[in-house]
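**Q** Keeping their order, the protein sequence lines are chains R and Y. Numbered by my numbering, the letters in the first sequence go through residues 1 to 327 in order. Numbered by my numbering, the letters in the second sequence go through residues 1 to 263 in order. Note that beta-carbon positions come from the ideal geometry of N, C-alpha and C, so glycine has one too.
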Amino acid sequence: MTEILIVAEQLDGGLHPVVGELVTAAQGLEGDRALVVLGADLNELSKTATSLDVDEVYVVEHRLLLEQTSEDLFVAALEQVCRQTEPRVVLIGRTFLGRDVGPRLAYRLGVGVAQDCIGLKQNEDSGRVVVTRPVYGGNAVATMAFGQQNPQVVIVRPRIYESVEKDVSRNSEIIPLTVNLDSSMMKVRHIERVKSEVEGVRLEDAQVVVAGGRGIGGPEPFSQLSELADILGGAVGASRAACDAGWADHSLQIGLTGATITPDLYVTVGISGASQHMAGCSGAKHIVAVNKDANANIFKEARFGVVGDWSNILPSFIVAVRDLSTG
Amino acid sequence: MNIVVCVKQVVDPDVPTSAFRLDDETNRVRVAEGIPPVINGFDENAVEAALIVREETGGKITALSVGNDFAMDVMKKPLSMGVDDLVLIDDPQFFQLDAYATVCVLSEAIRKIGEFDLILCGRQASDWDNAHVPLGLAETLGLPSITMAQQIEISNSMVLVHRVFPDGYEKVEADLPALVTVSNEIGQPRYPTLRGIMAASRKSPIVWTARDLGIDPARFEPKISVTGLSIPPSLGECEFIEADTEAEAGSRLAQRLREVKLI
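#1: In angstroms with no decimal places, state the Cα-to-Cα distance between L38/R and A211/R.
#2: Give the DSSP-derived three-state secondary structure of P92/Y in the structure shown.
#3: List, in order along the chain, the chain Y residues whose C-beta lies closer than 7 Å to that of M144/R?
#4: Just how far apart, CA to CA, sit G168/Y and V194/R?
#5: How would you list, in chain order, the residues of chain R whose beta-carbon sits under 8 Å from the beta-carbon of Q151/Y?
#6: Output yes or no for whether 8 Å exceeds the beta carbon distance between A99/Y and L143/Y.
#7: Considering C238/Y, what are the terminal residues of the alpha helix (DSSP H) in which it resides?
#8: In chain Y, which residues lie less than 9 Å from V89/R when you measure between Cβ atoms?
#9: List, in order along the chain, the chain Y residues whose C-beta lies closer than 8 Å to that of V288/R?
#10: Check the Cβ-Cβ distances between T147/Y and every residue of chain R, and say whether any is below 8 Å.
#11: Taking 8 Å as the CB-CB limit, is R104/R close to chain Y?
#12: Buried or exposed for N297/R, please, with buried defined as at least 16 other CB atoms from any protein chain shown within 10 angstroms of its CB.
#13: For N291/R, return the contacting residues in chain Y, with the cut-off set at a CB-CB distance below 7 Å.
#14: Is the beta carbon of I35/Y closer than 8 Å to that of A140/R?
#15: Alpha carbon to alpha carbon, how far is K47/R from Q151/Y?
#16: Just the chain Y side, please: which residues come within less than 8 Å of P315/R by C-beta, in chain order?
#17: Just to confirm the assignment, what range does the beta strand (DSSP E) spanning N291/R have?
#18: Let's see if you can read the secondary structure: which residues bound the beta strand (DSSP E) around G212/R?
#19: Name, please, each residue of chain Y whose Cβ falls closer than 9 Å to the Cβ of R303/R.
#20: Output the boundary residues of the alpha helix (DSSP H) element that contains H162/Y.
#21: At a CB-CB cut-off below 7 Å, which residues of chain Y make contact with V321/R?
#22: Could you tell me which residues DSSP puts in a beta bridge with F74/R?
#23: Ignore the nearest five residues each way along the sequence and tell me which others in I266/Y's own chain have a CB closer than 8 Å to its CB.
#24: Alpha carbon to alpha carbon, how far is W247/R from D244/Y? Give it in angstroms, no decimals.
#25: Just how far apart, CA to CA, sit A218/Y and P92/Y?
#26: Is the Cβ-Cβ distance between T260/R and G213/R less than 8 Å?
#27: Under DSSP, the beta strand (DSSP E) around T209/Y begins and ends at which residues?
#28: State the start and end residues of the unbroken beta strand (DSSP E) segment that holds E48/Y.
#29: In chain R, which residues lie less than 9 Å from K171/Y when you measure between Cβ atoms?
#30: Can you find a C-beta in chain R that's less than 8 Å from the C-beta of S155/Y?
#31: Are any of the Cβ atoms in chain R nearer than 8 Å to that of G168/Y?
#32: Go ahead and label Q96/Y buried or exposed: buried means 16 or more other beta carbons lie within 10 angstroms of its beta carbon, across all protein chains shown.
#33: Closer than 8 Å, CB to CB, is E173/R near chain Y or not?
#34: Rounded to a whole number of angstroms, what is the C-alpha to C-alpha distance between S183/Y and D127/Y?
#35: Would you please state the rounded distance, in angstroms, between the beta carbons of E48/Y and G187/Y? I believe it to be under 8 Å.
#36: Classify F304/R as helix, strand or coil using the three-state DSSP reduction.
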């Protein structure tokens with residue numbers, strides 16, 4: 001019997017990177033692990049899935065799942081999978097899809113759900129899952145314990161866990177499952193996705209992010225920030241103040257009301273570090289701050305800081321970074 | 001066109017973190033005396049979206065909130081922005097409702113409000129960041145749910161939404177009635193006009209209790225409960241780079257980052 005059901009979301013025809021991370025998270029819980037892959041023509045993908053450290057791979061094939069765009073169908077399919085396999089825990093990545101599908105699945109099954117978890121473990125006495133999740137814009141961390149109903153639906157923030165190593169010799173058992181879906185279940189109809197023209201690395205995937213805030217004083221300095229980001233192979237971001245002022249596009253916004261980033265290195269220029277901004281970058285491993293106010297909140301979270309006028313500091317910093325990166 | 005907008009009173013997320021206090025007994029964050037709460041920012045975006053839709057379609061907007069200890073001048077903001085009615089579900093028994101209980105109370109209140117075409121909510125609340133009450137509400141009421149709207153249009157009994165997507169937007173549509181959550185990309189909430197503020201001051205909210213909704217709060221069983229709340233320690237070990245000139249500090253910062261292999 002499957003105890004932990006891991007939803008294997010797809011990205012560009014392969015498995016989403018978060019799936020390997022969910023397997024790692026599941027290793028910390030007791031019980032057999034199963035991946036569920038949903039889509040159409042899943043031969044290749046289910047083989048890939050068997051190389052992860054799981055006991056079973058459930059394969060749910062349905063022609064309506066080919067497009068992978070209907071949350072309504074995912075929720076309906078997962079509800080049926082849960083009723084058939086009766087898992088104790090369901091793990092879903094907090095992706096664009098997962099953060100909607102997870103709660104909807106939970107409400108449909110009448111069970112508890114924890115959104116955006118950064119840690120999970122099993123309570124040794126009760127056997128129930130206990131999660132930690134950032135609340136109040138990352139200014140506090142809550143511990144939450146599930147009640148008695150199963151499944152316990154846990155939505156895990158990406159890039160918190162290391163991905164499990166692939167092992168092609170693993171060969172987990174493939175088990176096809178049948179679900180009943182019809183197009184009337186698609187209450188929300190997908191029309192199209194329109195891509196905005198963003199050059200370079202996506203903010204939320206970037207290993208290095210360089211961002212500007214109110215303190216930079218205008219739109220022009222963003223070209224310097226872009227230059228720095230290019231040298232470091234990273235992406236440019238902005239605080240809400242900079243976006244609201246029209247200095248940067250809203251798609252660059254980092255914070256509670258924007259992107260959540262998890263880079264190794266986050267360089268902030270003229271950002272004070274209000275709690276709503278910190279909510280979007282609490283996953284950054286190392287913060288470097290340039291700000292004229294030595295008491296700015298950002299320095300409480302930063303590993304390295306320079307107090308002063310960014311317009312004097314940044315040019316020499318960029319030159320030195322370029323020299324060191326090429327040298 | 002009848003629109004219901006759900007709004008929540010929250011701790012002001014723009015207060016400095018030093019003003020945050022933990023209440024160990026209730027596992028809630030409190031702020032220093034004298035700092036007023038605000039309406040959740042995304043919920044104000046939802047109010048703005050409702051006003052934009054009403055400009056096109058006409059009709060009536062009802063703002064709805066569940067809680068207790070309402071700060072009335074804060075909660076009246078949607079009225080001063082231009083919504084028609086304000087319904088507050090105010091009952092001491094609703095202290096610290098979890099998301100599931102909130103969904104239950106909101107859905108009963110919406111049924112009592114009566115006919116509606118569109119329910120609008122903010123995409124998430126800045127306190128508990130659950131982002132699942134609107135989804136639960138849609139599931140409970142059997143409505144289509146569309147999240148993260150940056151643009152909403154109504155035509156032929158359908159709602160057409162542009163959803164914020166990580167690298168662009170997604171166009172979707174659904175038949176009314178439907179529930180839509182609104183993101184900040186919809187645009188800045190309008191400032192209340194003087195006329196709006198005057199009109200709001202003359203209006204009283206409609207206040208309902210658990211009994212008015214036929215809800216027995218004792219029935220609520222938490223499906224998940226908060227067992228602890230802590231403030232993560234700040235690193236407090238920022239290494240400040242100093243030099244004779246600011247330009248020199250810039251290059252020294254780069255060297256230091258190189259030494260610790262961050263670049």
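**A** In brief:
#1: Reading the first sequence from its first residue, position 38 is the one you call residue 38/R. Reading the first sequence from its first residue, position 211 is the one you call residue 211/R. Rounded to the nearest angstrom, the two C-alpha atoms are 38 Å apart.
#2: Here residue 92/Y refers to the residue found at position 92 when the second sequence is read from its first residue. Three-state DSSP puts P92/Y in a helix.
#3: Counted from its first residue, the first sequence places residue 144/R at position 144. Within chain Y, the residues near M144/R are I224, S225, V226, T227.
#4: Along the second sequence, one-based indexing puts residue 168/Y at 168. Along the first sequence, one-based indexing puts residue 194/R at 194. If you take the alpha carbons of G168/Y and V194/R, they lie about 6 Å apart.
#5: On the second sequence, residue 151/Y is found 151 positions in, with the first residue counted as 1. What Q151/Y touches in chain R: nothing, since even the nearest Cβ is about 11 Å away.
#6: Start at 1 with the first residue of the second sequence, and residue 99/Y comes out as number 99. Start at 1 with the first residue of the second sequence, and residue 143/Y comes out as number 143. Not a contact, by the Cβ cut-off of 8 Å.
#7: Counting from 1 along the second sequence, the entry for residue 238/Y is found at position 238. Where C238/Y is concerned, there is no enclosing alpha helix (DSSP H), given that its DSSP letter is neither H nor E.
#8: For the purposes of this step, residue 89/R is identified with residue 89 of the first sequence, where counting begins at 1. For V89/R, no chain Y residue has a Cβ inside 9 Å of its Cβ, as the nearest lies near 13 Å away.
#9: In the first sequence, counting from the first residue as 1, residue 288/R sits at position 288. Result: L253, L257, L262.
#10: The residue given as residue 147/Y occupies position 147 in the second sequence. By this cut-off, T147/Y is an interface position.
#11: As a position in the first sequence, residue 104/R is number 104, starting the count at 1. Answer yes: the Cβ-Cβ gap between R104/R and chain Y drops below 8 Å somewhere.
#12: In the first sequence, the residue the question calls residue 297/R occupies position 297. So N297/R ends up on the buried side.
#13: Along the first sequence, one-based indexing puts residue 291/R at 291. Near N291/R there are no residues of chain Y at all, since even the closest Cβ is about 11 Å away, more than 7 Å.
#14: Locating residue 140/R in the first sequence gives position 140, where the first residue counts as 1. Locating residue 35/Y in the second sequence gives position 35, where the first residue counts as 1. It is not a contact, given that the beta carbons lie outside the stated cut-off.
#15: Position 47 of the first sequence holds residue 47/R. Position 151 of the second sequence holds residue 151/Y. Going by the C-alpha atoms only, they are around 41 Å apart.
#16: Position 315 of the first sequence holds residue 315/R. Those are A247, G250, listed as they occur along chain Y.
#17: Position 291 of the first sequence, counted from the first residue, corresponds to residue 291/R. From DSSP, the beta strand (DSSP E) with N291/R extends over 286 to 291.
#18: The sequence position of residue 212/R within the first sequence is 212, counting from 1. From DSSP, the beta strand (DSSP E) with G212/R extends over 208 to 212.
#19: On the first sequence, residue 303/R is found 303 positions in, with the first residue counted as 1. Within chain Y, the residues near R303/R are L235, E237, C238, E239, V260, L262.
#20: Counting from one through the second sequence, the residue named residue 162/Y turns up at place 162. Segment 158 to 165 is the beta strand (DSSP E) holding H162/Y; no alpha helix (DSSP H) there.
#21: In the first sequence, the residue the question calls residue 321/R occupies position 321. Listed along chain Y, the residues sitting closer than 7 Å to V321/R by beta-carbon distance are A254, I263.
#22: Counting from 1 along the first sequence, the entry for residue 74/R is found at position 74. Residue pairing by DSSP leaves F74/R without any beta bridge partner.
#23: The question about residue 266/Y has no answer, for chain Y in this structure spans 1 to 263.
#24: Within the second sequence, numbered from 1, the residue matching residue 244/Y stands at position 244. Within the first sequence, numbered from 1, the residue matching residue 247/R stands at position 247. So the alpha carbons of these two residues sit roughly 32 Å apart.
#25: What you label residue 218/Y is simply residue 218 of the second sequence in a count that begins at 1. What you label residue 92/Y is simply residue 92 of the second sequence in a count that begins at 1. Cα to Cα, the separation comes out at about 13 Å.
#26: Translated into the one-based positions of the first sequence, residue 260/R becomes position 260. Translated into the one-based positions of the first sequence, residue 213/R becomes position 213. Cβ atoms of T260/R and G213/R: not closer than 8 Å.
#27: Within the second sequence, numbered from 1, the residue matching residue 209/Y stands at position 209. Premise fails: T209/Y is in no beta strand (DSSP E) and is neither H nor E.
#28: Reading the second sequence from its first residue, position 48 is the one you call residue 48/Y. It is not in any beta strand (DSSP E) - E48/Y instead sits in the alpha helix (DSSP H) that spans 41 to 57.
#29: Position 171 of the second sequence, counted from the first residue, corresponds to residue 171/Y. Within 9 Å Cβ-Cβ: H190, I191, E192, R193, V194.
#30: Within the second sequence, residue 155/Y is the residue found at index 155, counting from 1. Closer than 8 Å: no.
#31: Along the second sequence, read from residue 1 onward, the residue named residue 168/Y stands at position 168. Yes, its Cβ sits closer than 8 Å to a Cβ of chain R.
#32: Start at 1 with the first residue of the second sequence, and residue 96/Y comes out as number 96. That one is exposed.
#33: Sequence index remark: in the first sequence, residue 173/R carries index 173 (1-based). Answer no: the Cβ-Cβ gap between E173/R and chain Y never drops below 8 Å.
#34: Within the second sequence, the letter at position 183 stands for residue 183/Y. Within the second sequence, the letter at position 127 stands for residue 127/Y. Rounded to whole angstroms, S183/Y and D127/Y show a C-alpha spacing of 16 Å.
#35: Residue 48/Y sits at position 48 when you count from the first residue of the second sequence. Residue 187/Y sits at position 187 when you count from the first residue of the second sequence. Confirmed, Cβ separation roughly 6 Å.
#36: Taking the first residue of the first sequence as 1, we reach residue 304/R at position 304. F304/R: strand per DSSP, three-state reduction.
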